[in-house]
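A.B. asks: One structure coming up, written as structure tokens, with questions to follow.
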Amino acid sequence: MYDHIGLRVGDLDTAVRFYTAVLAPLGFVLCSKGDGYAGFGPKDAPALWLHLHKGEKATGAHVAFSARDHDAVKQFHAEGLKAGGRDNGGAGPRKDYSPTYYAAFLIDPDGNNVEAVCA
């Protein structure tokens with residue numbers, strides 16, 4: 097649960113392609129895009145903001161997105177790999193988190209650890 101999150105990105109077009117691919121299976125879309133920024137979320141309600149940042153690279157953040165079911169988690173992971181993300185844990189149960197926790201993890205093009213979870 098969050099109002100919004102902002103991530104710094106080194107290449108806005110690459111980041112937009114990646115997040116468009118991984119968030120589509122979760123039901124989120126590109127809502128807003130302008131010079132140096134893009135916002136994703138439910139239609140007309142962006143909650144993930146990407147900001148072009150040409151300065152020193154920030155250390156990676158962790159963002160977990162809610163998924164409606166296991167298939168959406170699997171699609172998130174598959175689409176993320178196709179869109180240039182790196183595997184950081186394929187779709188599957190994470191019983192060490194909780195008995196019903198099912199998630200997949202990717203490293204986005206800027207080094208952030210992004211997750212889709214169905215708990």
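Residue numbers (the numbering used here): 97 to 215.
Idealized CB from N, CA, C, for every residue including glycine.
Note that the structure is a prediction, hence the values are computed from the model and not measured.
In whole angstroms, what separates the C-alpha of K129 from that of Y197?
C.D. replies: By one-based count along the sequence shown, residue 129 stands at place 33. By one-based count along the sequence shown, residue 197 stands at place 101. Distance between the alpha carbons of K129 and Y197 is about 33 Å.
A.B. asks: Considering Cα atoms alone, identify which of L126, H147, L119 and T116 is closest to L108.
C.D. replies: One-based indexing of the sequence shown puts residue 108 at position 12. Out of L126, H147, L119 and T116, H147 has the C-alpha closest to the C-alpha of L108.
A.B. asks: Kindly indicate which three-state DSSP category E211 falls into: helix, strand or coil?
C.D. replies: Numbered from its first residue, the sequence shown carries residue 211 at position 115. Per DSSP, reduced to three states, the secondary structure at E211 is strand.
A.B. asks: Can L126 and N208 be called in contact, C-beta distance under 8 Å?
C.D. replies: Against the sequence shown, residue 126 aligns to sequence position 30. Against the sequence shown, residue 208 aligns to sequence position 112. Not in contact: L126 and N208 (Cβ atoms no closer than 8 Å).
A.B. asks: Using a Cβ-Cβ cut-off of 6 Å (strictly less than) and excluding sequence neighbours within five positions of R113, which residues of its own chain qualify?
C.D. replies: By 1-based counting over the sequence shown, the position of residue 113 is 17. Once the five neighbours on either side are set aside, the close Cβ partners of R113 are A179.
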